[in-house]
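*Asks:* All residue numbers in the sequence shown are consecutive under the working numbering, ending with 95.
C-beta: ideal position from N, C-alpha, C; glycine also.
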Amino acid sequence: MAKVGLVLLVPTAVVSIVLALMTERAADCVMYGNQCSSIPGSVIFGSFLASAAFGVFAVGCPREWLPFPSARSWAVKLQGAAQVTMAMLLLVSP
2 MAKVGLVLLV
12 PTAVVSIVLA
22 LMTERAADCV
32 MYGNQCSSIP
42 GSVIFGSFLA
52 SAAFGVFAVG
62 CPREWLPFPS
72 ARSWAVKLQG
82 AAQVTMAMLL
92 LVSP
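(1) Would you check if there are 3 or more beta carbon pairs closer than 8 Å linking the region 24-38 to the region 66-86?
(2) Considering Cα atoms alone, identify which of 46, 8, 36 and 2 is closest to residue 89.
(3) Can you give the Cα-Cα distance for residue 23 and residue 94, rounded to whole angstroms?
(4) If I follow the unbroken alpha helix (DSSP H) through residue 62, where does it start and stop?
(5) If distances are taken between C-alpha atoms only, which option among 39, 67 and 52 comes closest to residue 5?
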């Protein structure tokens, strides 16, 4: 499941950006500077990096290095949450 999340990370970002730029609000922001989002880009990029880091941890960490038995499943859940957060932030910030 973590591999699927890692494979879909960049396409999710690209599709979210394209969908956000197709809105009337995005056109108004680009053309006139009105109704632009106040969400900093670093927050969006941070959620992208968090999703990537949790995914790499879940895929690459050997079982004997894990601090507790369910660490991998928690990493996959956190990866999914960070990826959904990134997509939602991209959708609301043209």
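*Replies:* With the structure as the only source:
(1) The region 24-38 vs the region 66-86: no contact.
(2) Looking at the Cα atoms, 46 is the closest of the given residues.
(3) Taking the straight line joining both Cα atoms gives about 12 Å.
(4) Premise fails: residue 62 is in no alpha helix (DSSP H) and is neither H nor E.
(5) Per the Cα distances, 52.
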